[in-house]
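A.B. asks:
2 protein chains.
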Amino acid sequence: MDKKSSPFRPVTVADVARRAEVSKATAARVLGGYGPVSDEVKLRVQAAAKALDYRPNELARSMSTGKSGTIGVVVGDIENAFFGIAVRGISDKAHRSGFNVILANSGEEVEAEKAALKVLVGKRVDGLIVAPADNRSVGHLRDIVRSRRPLVLFDRPIEDLAADTVATDDREAAFAATQRLTAAGHRRLAYVTALNAEPPLFIGLDQLYTSSVKARIDGFLAACRAAGIVEPERGVCLAGGGAEGRQRAAIERLLSAAEPPTAILASDSLVAFEIFKATQTLGLGIPADLSLISFYDAEWTSVTTPPISVVDQPVYDMGTRAAELLIARINGAAPPARHDVLPNRFIERGSVGLPRRLPATA
Amino acid sequence: MDKKSSPFRPVTVADVARRAEVSKATAARVLGGYGPVSDEVKLRVQAAAKALDYRPNELARSMSTGKSGTIGVVVGDIENAFFGIAVRGISDKAHRSGFNVILANSGEEVEAEKAALKVLVGKRVDGLIVAPADNRSVGHLRDIVRSRRPLVLFDRPIEDLAADTVATDDREAAFAATQRLTAAGHRRLAYVTALNAEPPLFIGLDQLYTSSVKARIDGFLAACRAAGIVEPERGVCLAGGGAEGRQRAAIERLLSAAEPPTAILASDSLVAFEIFKATQTLGLGIPADLSLISFYDAEWTSVTTPPISVVDQPVYDMGTRAAELLIARINGAAPPARHDVLPNRFIERGSVGLPRRLPATA
DNA sequence: TTGTAGTATGAGACCGGTCTCAGTTTGGAG
DNA sequence: CTCCAAACTGAGACCGGTCTCATACTACAA
Numbered sequence: 097m098d099k100k101s102s103p104f105r106p107v108t109v110a111d112v113a114r115r116a117e118v119s120k121a122t123a124a125r126v127l128g129g130y131g132p133v134s135d136e137v138k139l140r141v142q143a144a145a146k147a148l149d150y151r152p153n154e155l156a157r158s159m160s161t162g163k164s165g166t167i168g169v170v171v172g173d174i175e176n177a178f179f180g181i182a183v184r185g186i187s188d189k190a191h192r193s194g195f196n197v198i199l200a201n202s203g204e205e206v207e208a209e210k211a212a213l214k215v216l217v218g219k220r221v222d223g224l225i226v227a228p229a230d231n232r233s234v235g236h237l238r239d240i241v242r243s244r245r246p247l248v249l250f251d252r253p254i255e256d257l258a259a260d261t262v263a264t265d266d267r268e269a270a271f272a273a274t275q276r277l278t279a280a281g282h283r284r285l286a287y288v289t290a291l292n293a294e295p296p297l298f299i300g301l302d303q304l305y306t307s308s309v310k311a312r313i314d315g316f317l318a319a320c321r322a323a324g325i326v327e328p329e330r331g332v333c334l335a336g337g338g339a340e341g342r343q344r345a346a347i348e349r350l351l352s353a354a355e356p357p358t359a360i361l362a363s364d365s366l367v368a369f370e371i372f373k374a375t376q377t378l379g380l381g382i383p384a385d386l387s388l389i390s391f392y393d394a395e396w397t398s399v400t401t402p403p404i405s406v407v408d409q410p411v412y413d414m415g416t417r418a419a420e421l422l423i424a425r426i427n428g429a430a431p432p433a434r435h436d437v438l439p440n441r442f443i444e445r446g447s448v449g450l451p452r453r454l455p456a457t458a
Numbered sequence: 097m098d099k100k101s102s103p104f105r106p107v108t109v110a111d112v113a114r115r116a117e118v119s120k121a122t123a124a125r126v127l128g129g130y131g132p133v134s135d136e137v138k139l140r141v142q143a144a145a146k147a148l149d150y151r152p153n154e155l156a157r158s159m160s161t162g163k164s165g166t167i168g169v170v171v172g173d174i175e176n177a178f179f180g181i182a183v184r185g186i187s188d189k190a191h192r193s194g195f196n197v198i199l200a201n202s203g204e205e206v207e208a209e210k211a212a213l214k215v216l217v218g219k220r221v222d223g224l225i226v227a228p229a230d231n232r233s234v235g236h237l238r239d240i241v242r243s244r245r246p247l248v249l250f251d252r253p254i255e256d257l258a259a260d261t262v263a264t265d266d267r268e269a270a271f272a273a274t275q276r277l278t279a280a281g282h283r284r285l286a287y288v289t290a291l292n293a294e295p296p297l298f299i300g301l302d303q304l305y306t307s308s309v310k311a312r313i314d315g316f317l318a319a320c321r322a323a324g325i326v327e328p329e330r331g332v333c334l335a336g337g338g339a340e341g342r343q344r345a346a347i348e349r350l351l352s353a354a355e356p357p358t359a360i361l362a363s364d365s366l367v368a369f370e371i372f373k374a375t376q377t378l379g380l381g382i383p384a385d386l387s388l389i390s391f392y393d394a395e396w397t398s399v400t401t402p403p404i405s406v407v408d409q410p411v412y413d414m415g416t417r418a419a420e421l422l423i424a425r426i427n428g429a430a431p432p433a434r435h436d437v438l439p440n441r442f443i444e445r446g447s448v449g450l451p452r453r454l455p456a457t458a
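So this is what it looks like as structure tokens:
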């Protein structure tokens with residue numbers, strides 16, 4: 097009745113070795129494919145392995161080699177198609193290179209991010225790809241770098257952190273998109289993001305802790321100023337996620353104000369989706385009453401009436417690129433940290449028009 | 097220069113034990129939280145662990161306990177929002193119960209599914225959730241069951257496989273949706289799926305290897321027959337994925353035929369999306385020229401003009417349910433395999449209308 | 001024939017935890 | 001004061017692989 101006799105105990109190299117009448121070391125050499133073995137013995141071991149249906153225990157293998165063949169990915173929100181595609185890009189590249197992916201969700205919370213990182217490090221992943229939730233709290237990321245574990249930052253660069261980074265030029269893209277709105281004559285512009293900030297009213301860039309959003313707002317403000325708009329900060333709307341429906345409420349409030357914006361730049365496709373729905377319930381027409389541009393070329397933006405103009409981010413490529421950089425480092429490459437910036441592409445569709453009534457200042 | 101002196105070697109229990117001046121066994125008891133230890137020693141060990149920044153090696157832990165604290169998930173296509181949400185449901189439940197998730201993509205290919213399963217079993221996951229790509233080739237799944245590793249089938253039941261299953265009543269949902277179309281007077285109906293089958297023309301249910309799709313087509317055909325439609329099989333369109341654009345071509349061919357369908361039931365939201373786009377490029381109006389119902393309440397279906405009526409599948413709940421069943425089994429529960437069928441909900445929107453011209457047989 | 005290089009194999013340490021078992025202390029009961 | 005049980009601690013086996021090292025054997029050149 098000892099455990100050796102259990103019919104469900106997984107088959108080990110020792111079992112195979114016994115059956116093939118060779119030593120454990122020799123069987124391991126065949127099964128692991130690493131040492132010199134005579135053809136005759138090799139065949140015998142392989143036959144025994146097949147007969148017993150041997151499946152190597154990757155855990156044990158990882159422990160002795162120190163490599164797990166796994167990379168850890170921490171994203172803000174898998175439900176967001178942006179990250180969904182990114183993960184797909186990462187997975188595809190990883191699998192092609194023989195790596196597995198362990199996925200974790202931070203829900204954009206630093207504490208959850210820390211916990212996820214702890215687990216992944218505990219599992220001895222060979223490297224990490226992280227979209228940092230908060231660029232003010234990066235001690236845990238610094239620890240990763242210090243421990244020499246390869247780390248790639250995704251979409252959100254962090255200054256003076258010596259890690260490879262893959263991002264898009266958010267400031268430039270926001271600037272260009274905003275220019276299209278000002279060029280059309282808009283003067284009351286809003287930038288809407290789901291970001292939660294303290295305090296909930298926008299008072300300055302320093303208050304923002306997601307670097308990509310910060311860069312975008314920076315670009316937005318710069319373009320507004322370039323167009324002679326005063327106090328464009330007043331157009332920045334932090335429609336935080338949080339409680340169910342809170343975001344929608346914030347957006348409806350924005351659109352129902354006495355002097356509502358005539359054009360909106362949406363920070364991501366989820367926010368844009370809410371804005372679009374709000375225009376429907378409020379009976380606003382696009383682009384007649386409101387011009388709208390969104391970040392990320394989400395599926396739905398191409399089938400609405402009118403379709404929505406977007407800043408198309410090369411998310412899948414960002415994913416593969418991040419995996420590429422990471423795997424290169426895992427395989428020993430050790431160049432100085434590089435910051436890759438992939439170009440965005442503006443997709444003109446039908447959601448930008450002239451402001452309904454030109455403001456008096458025009 | 098030996099490895100013991102490397103400053104980047106991870107800290108082990110032995111290191112902590114040495115520093116706390118206790119035995120490895122005692123340090124392990126504190127760190128693992130399992131044996132009786134005096135408060136004084138406990139504090140000393142904890143202090144040493146903190147000072148050295150000890151991080152347990154989960155791999156080693158898994159090897160000796162035989163539990164990895166990880167569940168493996170194999171889905172058909174992560175890019176499909178259906179699976180995206182499902183994974184979210186699974187992850188949420190898993191994390192709440194202290195499990196991690198390793199994700200793998202089969203791309204709806206059995207061989208890839210087998211490979212993924214092999215890797216996951218190699219990593220000694222505690223249990224598996226799989227959406228089987230092909231219900232004719234299930235030997236590898238049978239092996240899992242035989243090896244006593246907990247397995248839950250997701251969305252696609254397999255007959256006489258003793259594994260827990262979570263699915264929706266696909267036949268019933270398809271039947272009801274089809275009835276809505278026939279009730280509106282439609283007589284030329286089509287069912288469009290991305291499924292690839294051999295041969296590419298629909299000849300019978302036996303040829304289909306994704307059980308959920310099979311059940312849906314069965315429901316579709318039954319509803320058609322109930323409405324007195326002859327040879328409804330001719331309306332089944334296997335618009336296989338495969339090469340880029342092949343699916344779109346098949347759909348455009350269908351819609352441009354001499355006697356095109358006046359109503360379509362789409363097997364998933366990706367196919368429905370293609371159909372919707374095709375109507376736009378072909379200048380067809382919904383529901384004037386074509387009525388459309390899709391499976392899965394994808395985001396985009398609510399913002400088109402008109403919005404699309406859908407069979408809303410409780411995907412997130414299916415995910416949490418699957419994880420629940422799996423974790424119960426991992427924790428030792430061993431009831432006979434249960435097949436949970438979650439109810440679908442029909443969401444009436446604006447994409448179903450009367451056929452443009454009633455067929456002569458009406 | 002002997003020396004030597006090279007190949008094939010086995011024995012056993014090792015990775016970093018868990019866990020069993022034996023030995024030591026301690027405390028309360030008799 | 002003695003005895004026994006419970007609490008604590010340490011030594012070392014174990015999980016299932018990898019990998020180093022020593023040994024046995026082969027073959028070829030000198």
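Those sequence lines, one after another, are chains L and U.
Each number in the working numbering corresponds to the 1-based position in the first sequence with 96 added.
Each number in the working numbering corresponds to the 1-based position in the second sequence with 96 added.
Beta carbons are placed, not taken as given, at the ideal position from N, Cα and C, and that holds for glycine.
Predicted model, so just to flag it, every value in this text is computed and none were measured.
#1: Taking only the alpha-carbon atoms, compute the straight-line gap between N201(L) and K189(U) and give it to the nearest angstrom.
#2: Please report the residue range of the beta strand (DSSP E) in which R441(U) lies.
#3: Tell me which same chain residues have a C-beta within less than 8 Å of the C-beta of T294(U), skipping the five on either side of it?
#4: For H435(U), which beta-bridge partners are listed by DSSP?
#5: According to DSSP, is V112(L) helix, strand or coil?
#6: Mind pulling the chain L residues with CB within less than 7 Å of L199(U)?
#7: For the beta strand (DSSP E) holding F391(L), just list the boundary residues, first then last.
#8: In chain U, which residues lie less than 8 Å from I181(L) when you measure between Cβ atoms?
#9: Classify A429(L) as buried or exposed, calling it buried when 16 or more other Cβ atoms lie within 10 Å of its own Cβ.
#10: With a 10 Å radius around its C-beta and 16 neighbouring C-beta atoms as the bar for buried, classify A80(U) as buried or exposed.
#11: Please list, in chain order, the residues of the segment 110 to 131 of chain U that have any C-beta partner in chain L closer than 7 Å.
#12: Could you name the residues of chain U that M159(L) contacts, counting a contact when the two beta carbons are closer than 7 Å?
#13: Under 8 Å, CB to CB, which of the residues in the segment 213 to 233 of chain U have a partner in chain L?
#14: Taking the alpha-carbon positions, what's the N292(L) to P228(L) distance?
#15: Excluding the 5 residues preceding and the 5 following D111(U) in the sequence, name in chain order all residues of the same chain whose CB lies nearer than 7 Å to its CB.
#16: So Y412(U) is in the alpha helix (DSSP H); what residue range does that whole segment cover?
#17: Taking only beta-carbon atoms, is E348(U) less than 8 Å away from chain L?
#18: Tell me whether P455(L) is buried or exposed, calling it buried when 16 or more other Cβ atoms sit within 10 Å of its Cβ.
#19: If distances are taken between C-alpha atoms only, which option among V118(U), Y412(U) and P383(U) comes closest to L139(U)?
#20: Near R220(L), what residues of its chain come up, given a Cβ to Cβ distance below 7 Å and the 5 sequence neighbours on each side ignored?
#21: Mind listing the chain U neighbours of F104(L)? Cutoff is C-beta to C-beta under 8 Å, in chain order.
#22: Within the continuous beta strand (DSSP E) that includes V288(L), where are the two ends?
#23: Any beta carbon of chain L sitting closer than 8 Å to that of R192(U)?
#24: Excluding the 5 residues preceding and the 5 following A204(U) in the sequence, name in chain order all residues of the same chain whose CB lies nearer than 6 Å to its CB.
#25: Between the alpha carbons of L422(U) and L249(U), how many angstroms are there, rounded?
#26: What's the C-alpha gap between A318(L) and L450(U)?
#27: When the Cα of H435(L) is compared with those of V288(L), L257(L) and I404(L), which residue comes out closest?
#28: Determine, for P383(U), whether the minimum Cβ-Cβ distance to residues of chain L falls below 8 Å.
#29: In the DSSP output, which residue or residues are listed as bridge partners for A359(U)?
#30: Cβ of K373(L) less than 8 Å from any chain U Cβ?
#31: Compute the Euclidean distance between the alpha carbons of R330(U) and A211(U), then round it to the nearest angstrom.
#32: Might you give, ordered along the chain, the residues of its own chain that have their beta carbon closer than 6 Å to the beta carbon of P383(L), omitting 5 neighbours on each side?
#33: Given a cut-off of 8 Å on the beta-carbon distance, is the pair V406(U) and T400(L) in contact?
#34: Could you work out which residues of chain U lie near T400(L), taking near to mean beta carbons separated by less than 9 Å?
#35: Under the DSSP definition of a beta bridge, which residues are partnered with A200(L)?
#36: Within 8 Å of any Cβ in chain U, is that where the Cβ of R151(L) sits?
C.D. replies: Inspection of the coordinates gives the following:
#1: Indexing the first sequence from 1 puts residue 201(L) at position 105. Indexing the second sequence from 1 puts residue 189(U) at position 93. So the two alpha carbons sit approximately 12 Å from each other.
#2: By one-based count along the second sequence, residue 441(U) stands at place 345. Residues R441 to I443.
#3: Here the question's residue 294(U) lines up with position 198 in the second sequence. Position check: residue 294(U) holds Glu in this sequence, whereas Thr was assumed. Closer than 8 Å at the Cβ level, and outside the excluded window around E294(U), lie Q303.
#4: In the second sequence, the residue the question calls residue 435(U) occupies position 339. Beta-bridge pairing links H435(U) to T261(U).
#5: Taking the first residue of the first sequence as position 1, residue 112(L) is located at position 16. Helix at V112(L).
#6: In the second sequence, counting from the first residue as 1, residue 199(U) sits at position 103. In chain order: V197 and L199.
#7: Walking along the first sequence from the start, residue 391(L) turns up at place 295. First-last of the beta strand (DSSP E) with F391(L): S387 to F391.
#8: Taking the first sequence and counting its residues from 1, one reaches residue 181(L) at position 85. Under the 8 Å cutoff, chain U gives E175.
#9: For the purposes of this step, residue 429(L) is taken as the residue at position 333 of the first sequence. Label assigned to A429(L): exposed.
#10: The requested residue 80(U) does not occur in the structure, where chain U is confined to residues 97 to 458.
#11: none
#12: Taking the first residue of the first sequence as position 1, residue 159(L) is located at position 63. Result: L155, A156 and M159.
#13: K214, V215, V217, G218, K219 and R220
#14: Position 196 of the first sequence, counted from the start, is the residue given in the question as residue 292(L). Position 132 of the first sequence, counted from the start, is the residue given in the question as residue 228(L). Approximately 15 Å, taken between the alpha carbons.
#15: Taking the first residue of the second sequence as 1, we reach residue 111(U) at position 15. For D111(U), where only same-chain residues beyond five positions count, the Cβ hits under 7 Å are L148.
#16: As a first step, residue 412(U) is located in the second sequence; it is residue number 316 there, counting from the start. First-last of the alpha helix (DSSP H) with Y412(U): V411 to I426.
#17: Looking up residue 348(U) in the second sequence gives position 252. Not one chain L Cβ lies under 8 Å of E348(U).
#18: Counting from one through the first sequence, the residue named residue 455(L) turns up at place 359. With a pLDDT of only 46 at P455(L), under the threshold of 50, the placement of this residue in the model should not be trusted; the figure read from the coordinates follows. Looking at its Cβ environment, which holds fewer than 16 other Cβ atoms inside 10 Å, P455(L) is exposed.
#19: Taking the second sequence and counting its residues from 1, the one referred to as residue 139(U) is at position 43. Out of V118(U), Y412(U) and P383(U), V118(U) has the C-alpha closest to the C-alpha of L139(U).
#20: Along the first sequence, read from residue 1 onward, the residue named residue 220(L) stands at position 124. Taken in chain order, the residues that qualify are S158 and S164.
#21: Taking the first sequence and counting its residues from 1, one reaches residue 104(L) at position 8. Chain U residues near F104(L): S243 and R244.
#22: The residue given as residue 288(L) occupies position 192 in the first sequence. Unbroken beta strand (DSSP E) run through V288(L): L285 to T289.
#23: Translated into positions along the second sequence, residue 192(U) becomes position 96. Output row for R192(U): interface = no.
#24: Position 108 of the second sequence holds residue 204(U). Per the sequence shown, the amino acid found at residue 204(U) is Glu instead of Ala. If we look at E204(U) and ignore the five residues flanking it on each side, its Cβ neighbours are G172 and A229.
#25: On the second sequence, position 326 is the one that residue 422(U) refers to. On the second sequence, position 153 is the one that residue 249(U) refers to. The alpha-carbon atoms of L422(U) and L249(U) are separated by roughly 10 Å.
#26: Along the first sequence, one-based indexing puts residue 318(L) at 222. Along the second sequence, one-based indexing puts residue 450(U) at 354. Taking the straight line joining both Cα atoms gives about 53 Å.
#27: As a first step, residue 435(L) is located in the first sequence; it is residue number 339 there, counting from the start. Per the Cα distances, L257(L).
#28: Start at 1 with the first residue of the second sequence, and residue 383(U) comes out as number 287. Under the Cβ distance rule, P383(U) does not count among the residues neighbouring chain L, no pair being separated by less than 8 Å.
#29: Sequence index remark: in the second sequence, residue 359(U) carries index 263 (1-based). In the DSSP assignment, A359(U) is bridged to L285(U) and S387(U).
#30: Stepping through the first sequence from its first residue, residue 373(L) is reached at position 277. Chain U contact via Cβ: present.
#31: The sequence position of residue 330(U) within the second sequence is 234, counting from 1. The sequence position of residue 211(U) within the second sequence is 115, counting from 1. Rounded to whole angstroms, R330(U) to A211(U) spans 36 Å at the Cα level.
#32: Stepping through the first sequence from its first residue, residue 383(L) is reached at position 287. S447, V448 and G449.
#33: Start at 1 with the first residue of the second sequence, and residue 406(U) comes out as number 310. Start at 1 with the first residue of the first sequence, and residue 400(L) comes out as number 304. Not closer than 8 Å, so no.
#34: Mapped onto the first sequence, residue 400(L) falls at position 304. Within 9 Å Cβ-Cβ: W396, V399, T400 and T401.
#35: Translated into positions along the first sequence, residue 200(L) becomes position 104. In the DSSP output, where bridge partners are listed per residue, A200(L) has V170(L).
#36: The sequence position of residue 151(L) within the first sequence is 55, counting from 1. For R151(L), the answer is yes, since a Cβ of chain U falls inside 8 Å of its Cβ.
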